[in-house]
Structures are given as structure tokens and as C-alpha cells.
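Per UniProt numbering, the sequence shown starts with residue 1, numbered consecutively.
Inspection log for the structure reproduced underneath, given as C-alpha cells.
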Amino acid sequence: MSLLHLAIISPLILALFIPLVHKTVSKIHTGWFLLPLPVALFAYFLSFLGDAIGGQAIMETLAWIPSLGIDFSVRVDGLGLLFALLITGIGSLVVLYSIYYLSMEKEKLNQFYVYLLLFMGAMLGVVLSDNFIVLYAFWELTSFSSFLLIGYWNHRERSRYGAQKSMLITVFGGLAMLGGIILLYLMTGTFSISATVAMAGDIVGHSLFIPALICILLGAFTKSAQFPFHIWLPDAMEAPTPVSAYLHSATMVKAGIYLVARLTPVFAFEGLWIWLVGGIGLLTLFWGSFSAVKHTDLKGILAYSTISQLGLIMSLLGVGAAALHFPEMEDGYFAVAVTAAVFHLINHATFKGSLFMVVGIVDHETGTRDIRRLGGLMTVMPITFTLALIGSFSMAGLPPFNGFLSKEMFFTGMLRAQEIGLFNMESFGLLFPVVAWVASVFTFLYSMIIVFKTFTGKFQPEKLEVKPHEAPIGMLISPVILVSLVVIIGLFPNLVAPLIESVMASILPPLLAAGHDFDVHIYHWHGLSPELFMTIGVILAGILLYKFMPKWAGIYNRMPEKFSLNSFYDKGLENIQRGAAKITDAYMTGSIRSYLLYIFTFFILSLGITLFLKDAFVLDMSHVAEIRAYELVLAVITAVAAISVLLAKSRLSAIILLGAVGYSVSLFYVVFRAPDLALTQLVIETVSVALFLLAFYHLPKLGKNIEDTRFKAGNLIISIGVGAIVTLIALSAHSSKMFDSISQYYIENTYKKAAGENMVNVTLVDFRGFDTLFEITVLGIAALGIYSLIKLRMTRGREQ
């Protein structure tokens, strides 16, 4: 295992020891023991920066299931490195922040940090895996660990609801993505992501290409909260603020962004990709920004702002994919959208992470996040106010912060979108810059609400649960670092230009192969350009909407809640549960006979129909030994005893006849010279008969009623059906042997390799030792289960 593999799984390994550390060192906050790992990982991944900027990708492979083409392959290129740095860098700051945010006395810190480490390792696995199946495994682990983190305060009903909602929606998308992965494998014959990218040009016209594209996008859209799957993200805000700052600003919600970026070279040659990714992203941007304004909970506003910002990045990736359709355009004319997407990805992690932490500070120090109860905190919490001001202004796209630069590039990308001659985009492409501008107005508006409704206006201490005060220095360190990055990147944006270039080379490798040079230069001033006038219009319109908000905000009340997506989700889930309950009640009758009837009927129909449709029944008696007279007599006795069980008038006679069947089978083993099996069969039959007789005391009497005939007729039909199907399968299997029997191998090697003379014993203990071990383990588990049930019954009996 390479150091790179170890770096990915190190959070998962450390998670195993967190409960022990928490229990052993109870006087020190558990977070201090966790913090060195993400810091060390961040430093380790920084060491790859030179290779990524130089255009080199580091590849390490660990064999896992090579026969199926599944290896734990890890690839570090510009795109993967950027996400790895975000995961570990933001993760380090979040852990530091959580040490001061989460109380040692009130919180179950061992659980929290185990969940956080699981998530960190899973995200690293997602962004660095070069095998689709491994990526999918880590992808689902992110859903599982985020479910645990969102539901961390499980005593709250809303936390449990939000955790379940996120799990159901993202796992649905994950399963769809798995379907897309399988379709890609059918087209390419490989699970390697880099190999699939290399074969992209060969699969575009394949009949499975569009279905694979849609399935992959379902996975990406659900994970990155794109419309209409965005409804899980606001409810996920019930998680502790460190979770929101980590999962919902920089990492988990960016997993779908990563997937789209990684597979852009595969699917971008299909025009549908541009429309779906660009169009859905733009719709998400508008709906998220428009919906954020109506909320009064600060985390609710940030939730919808995150949705809108994710839509912005997604729309840029969609529009930027057009660069692969027009490689002849000078310097990748449409690639500016991809540049903006990557740049805003970095910027969003800085300003949104800081804003989540700021909101957590406000909640922690005032006892509320409701802007109707807040106001005037600027003088009480001046440092927090400064952090909120810079973060919000960057999110609003105001100079000189980094958000202004990427927002200008966003406008450039949207203006160029109307020039794309694909799928009538020259006709409908005008919608891209128009919707982008309107959504940016609402983005400006909710950014102003966060700052001014919280920190300016009238101070209302009587509405606060605690006396407000500035946060401790430990809680301010992380947001101060992030806000510092907002300012530094805003003033010196070309510091990150080399990293952006390496990421673009990973997203648009065909352009690189065509000779295009991703030469990124970011400036504050581009002259009197349309983008500048659009920004000025955003500011003016945003100020007017903020000033006259009481006069127009009533439009939100005219949107009936029963027609909302959340309402459809709740009603849909309720109907599914109600329908499932009705179906379950219909067949879960409490009758063991009914359950066996379902099982055996399905067995008969499924195997019988398969044999018929596949014409699989074969009868070849040429290799069958001669049936001797006493074997025929024994078979008749066994059959008569079995049929007589159905006609027995008492349970005692039924048990005796059933025992006769078993003992007759043991005689077959004797005849066929298998004394071990005969002895086993005799022991089983003796024990079974004894157990049945012991159980008679607790059974009701075998009554006579009008359903006896129909009851026994049903048993007879099912019994004959199962027997006939098993017989047909056995005869067909014997008559159509595709391989030589392995028995000769055992005959030749029983004594030679295992030093044993009893072939059956040697096979069970040596050749199939693991099978036998697991069978014994199963029996041991069953014995423990039976013991537990008996003990539980005895305990309840004493209590009563």
C-alpha cells in the first residue's frame, strides 16, 4: 500500500481509535487529538502542487478484485488535488472551530468525530479514486456519514427528518449513478476513469450513451442539491454548525460538481450535456437565490444561498463544456466559463465557510438565528460583524473581494453562452445571461439581509436568550483565516491561477491535446464592459429591492405550501409508507404455512418458467448407473411415507411418517457407501423427532374443519411442484455437465496433499476448510440467538 492510499484511508483508521481516546483522556477535548491529521494531510497534498501545475498526474494502484477490473487506483491531478486541498484544509479549520463550538460536557464528542472522520476519508476517496466502483463505494459512504452527522442531535425530530431526507435523495442519486457506471462499463469494458476519458470519442454514438449520461447526472444533481433535488439541503441545516460549514459549503455538496467536472471530457461531446448541466444549474441558481430572501433563519438563508451558488458553478461547467465542441475557437473561447467555475469553487469555499462559522458564532453567543430577534450586534460583536461583512460582500460579488472576480467571469461565460450554436442555443441562449443577472440581484439582496438585518438596526437584548458578547478567540481563528483568504485572493487573484490552469487541463484535456494553452490571468478592471454594467445594475436593483422589501415581499405568501416540492416529497413518502403497510399487512398473516407457500410458489414459478423459456431441460441417461431392485423398493417406501404425511390424521402419525422419510434417506447413504452422511442423517432425524414431540405440548389440537380438504390439496400441489422442479433441475444438471467432475481431483490428492484416508472428512476440513469454518460460525451465531431468546423469555417470566 502506497503512502497515497494510506493518506486516503487514514481518517477511517483514526476513527477506530477515537472512542478509546475519548474514554481514556476525558479531561481534554477530543478534537485536539483529531486536529493534527487533517493538518498533516493538507501539508502532504500541498506537496503534489508542483506536479499538478506542471501537468503531471500521480497514479498509484492497489490490486483489489483484478478479475473484475476493480482496483483501488488513486490518481492525483489538478482537479483531484484541488478538492483534496479543500477537504483537508477546510476540514482542519472546521475541527479547530468545533473544539470551541461543541461542549465537552453536553455533547457526545466521540460519536461526532467518528462521523466526521468517516466523512473526510470518504470524500478523499471520491475525489482521488480512478476506479468507478471504488468511487461509488466512497460516494455512498459520504451519504451514510453525512446522514449520521446531520442527525447528530438525534433527540430533535427535525434533525432525524433532515438526516432521513438527505439519505433518501442522495442514495437514490447514488444508485442511479451506479447504473450509469455499469452502462459506461458495457460501452468501454473498463471501470478505470482515466481509461474511459481516453475512449470518450469512441462511445458518443453508442445506444447506451444517453442513458448513461442521464444516470450520471442524477447522481451529481442529487448530491449537489440541484433543482428539483435541492430540498434536502435546507433540512440538513439541523446539523451542528461545524457540520454545515464542512459538508454544505466546501465538501459534500461539491461532490456532484466534482463528478460533472471529471466526466465532462466523456459526455461534453453530446449537446444534451450542455443543456442539462447548464440549464439545470441556472434554474437552481435562480430558485435558490429567490427562495433565500423569504427566510428569517440565518442558516436557512445560507442553505438556499448554497443551493444558488452550487447552481452557478454547475451552469458554468455546462456552458464551458461547449469549448470541446468548438476547439477551433481561439484560446478556447467558451473555456472561460470553466475558468470561472473553478475560480468560484475556490472562492465559495472561503466566503461560505466563513459565513457558516459566523452564523454559528451568532447562534452560540445570542441563543438565536432568527433575524427578527437580532439586530444592532455590530457594536457588541465587532469582529464577528467584520467577518460577516467581508464574507457577505464577497458572496454578493462586490469589489475588491474574490467573489467579485469570479462573478464577473460568470457574467462573461453567460454572455458567451448565447453564441453557442447547439440545440438552438442561438435562439434560447439569451435566457442564460438574463436569468444569471436576475439571480445575481437576489444574491446581492440576501447577502445584504445577512449583514444588515443581523448587525445593524435596533439592538433587541430582551428578545435574546443569552446576553450577547464577542466570541472567544479560539472560535474566531477559523473564520478569520477564511476571510483573510477572501481578501488575499481578491487582491492577488493570480496566486491561484496556476492551480486553476491545472484543474482546467483535467476538465478539458481535448483542448490541451489540440494545442490550446490555459493561460489564466485575472484582473479587476476590464474597461467599460457589459459585465461591469451588469454588476452596476445588480447593485442598483438589489438596493432598491432591499429598501422597498416590505412592499413586495408579500409575493412569497401567495405561493401555496401544498404545491411546494417539500410537500410533494412529504406526501409521496407518506403514500409510499401507507401503501407498503397495506401490502405488508396483506401477506404478513402470522402463518408460517403462508410464508412457506409464498416462498415455494415463487420457487416453482421462477425456476419452472426459466427452464421453459431457456429450453434448459435435458435428459441424458447414458451415464446413469443401473437402478437395482432394492433401491427401487427403498425409493417407493420413501415416496409413500412422504405422501402419507399429507394424509395423516394426527400430528403424532405425521411426525412418525416424517421420521420414516428421513431414516429411508439415511439408508440410501448406506447403500451408496457414505457412512458419514448416513450417521449425520440419523442424528438429525432423531433430534428432529424428539424436538417435534417436545413441542406437541404447546401446539393446539389438530382440528377437523371444512377447509381440511382444500388445505391438504394445496400442500399436495406445492409439494409435487417443488419436487418436480428440483427433480428436473437435478436431471438437467446431471445430463448437461459442462466440466469434468472434480471428484477425481479429491481421489488423487486426499492422501497425497492432506494425508487423510477419509475423503469426506478431508474435503470438509482441508479442501473446504473455510466453508466449514463459516458454517460452524453460523451455527454458533444461531446458538447465541436461541440462548438470548430463551434468556429473554425467562427474564420476562420472572418480571411478570
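The C-beta atom is built at its ideal place from N, Cα and C for all residues, glycine as well.
Remember, it's a predicted structure, so these values are computed and weren't measured experimentally.
- Non-local C-beta neighbours of Val-266 in its own chain, meaning closer than 7 Å and more than five positions away in sequence, comprise Thr-196, Val-197, Ala-200, ordered along the chain.
- Bounds of the beta strand (DSSP E) holding Glu-60 are 58 to 65.
- Look at Ile-70 here: in three-state DSSP terms it is strand.
- Rounded to the nearest angstrom, the gap between the Cα atoms of Phe-385 and Ile-193 is 45 Å.
- When rounded, the separation of the alpha-carbon atoms in Ile-725 and Ala-754 is 38 Å.
- In the DSSP assignment, Arg-75 forms a beta bridge with Met-59.
- By alpha-carbon distance to Ala-337, the top candidate from Phe-326, Ile-346, Leu-316 is Leu-316.
- A distance below 7 Å between beta-carbons, with the five flanking residues on each side excluded, links Gln-681 to the following residues of its chain, in chain order: Gly-662, Val-665, Ser-666, Tyr-669.
- Judged by pairs of C-beta atoms under 8 Å, the stretch 285 to 293 does not touch the stretch 201 to 213, as fewer than three such pairs exist.
- Taken through DSSP and simplified to helix, strand or coil, Asp-297 comes out as strand.
- If you draw a straight line from the Cα of Leu-184 to the Cα of Gly-31, it comes to about 42 Å.
- In the structure shown, the three-state DSSP call for Asp-370 is strand.
- When Ile-717, Phe-444, Ile-583, His-623 are compared, the shortest CA-CA separation from Ile-536 is found for Phe-444.
- Check the Cα spacing between Ala-52 and each of Phe-83, Leu-62, Pro-38, Phe-33: the tightest is with Phe-83.
- Straight through space, the alpha carbons of Met-314 and Val-451 are spaced by roughly 26 Å.
- When secondary structure is reduced to three states using DSSP, Ser-26 falls in the coil class, being assigned neither helix nor strand.
- Within the same chain, Cβ atoms closer than 8 Å to the Cβ of Val-618 are found at Leu-731, Ser-732, Ser-735, Ser-736, the five residues on either side in sequence being excluded.
- Only exposed fits Ile-576, as fewer than 16 other CB atoms lie within 10 angstroms of its CB.
- Asn-131 carries a strand assignment under DSSP once its states are collapsed to helix, strand and coil.
- Assigned with DSSP and collapsed to three states, Ser-192 falls in strand.
- Around the beta carbon of Arg-156, a 10 Å sphere encloses fewer than 16 other beta carbons of the protein chains shown; the residue is thus reported as exposed.
- Judged by beta-carbon spacing, Gly-162 lies within the 8 Å limit of Asp-235, meaning their Cβ atoms are closer than that value.
- Distance between Phe-692 and Ile-655, taken at the CA atoms: about 7 Å.
- Shown here for Ile-9: same chain residues with a beta carbon closer than 7 Å to its own, the five before and five after excluded, namely Gly-121 in chain order.
- Looking at Val-243, Asn-154, Met-252, Ile-449, the one whose alpha-carbon comes closest to that of Phe-356 is Val-243.
- By the Cβ neighbour-count rule, Leu-324 is buried, with 16 or more other Cβ atoms within 10 Å of its own.
- When Ser-650, Ser-502, Leu-532, Ala-713 are compared, the shortest CA-CA separation from Phe-518 is found for Ser-502.
- Apart from sequence neighbours up to five positions away, the residues of its chain that approach Ser-644 with a beta-carbon distance below 7 Å are Leu-657, ordered along the chain.
- Its Cα nearest to that of His-248, the residue Ile-301 stands out among Ala-268, Leu-6, Ile-301.
- Short of 6 Å from the beta carbon of Met-414, and not among the five residues preceding or following it, lie these beta carbons of its own chain, in chain order: Phe-432, Pro-433, Ala-436.
- Comparing C-alpha distances from Glu-465 to each of Lys-223, Leu-374, Thr-306, Phe-711 shows the shortest one belongs to Leu-374.
- CA-CA distance, Met-794 to Leu-148, rounds to 36 Å.
- Distance from Gly-256 to Ser-224 at the Cβ level is roughly 3 Å; contact confirmed, criterion being Cβ atoms closer than 8 Å.
- The Cβ atoms of Gly-219 and Ala-176 lie closer than 8 Å to each other.
- Looking only at Lys-562, Val-441, Ser-146, the smallest Cα-Cα distance to Leu-540 is reached by Val-441.
- The alpha helix (DSSP H) runs of length 4 or more contained entirely in the stretch 614 to 675 are, from start to end of the chain, 629 to 647, 651 to 671.
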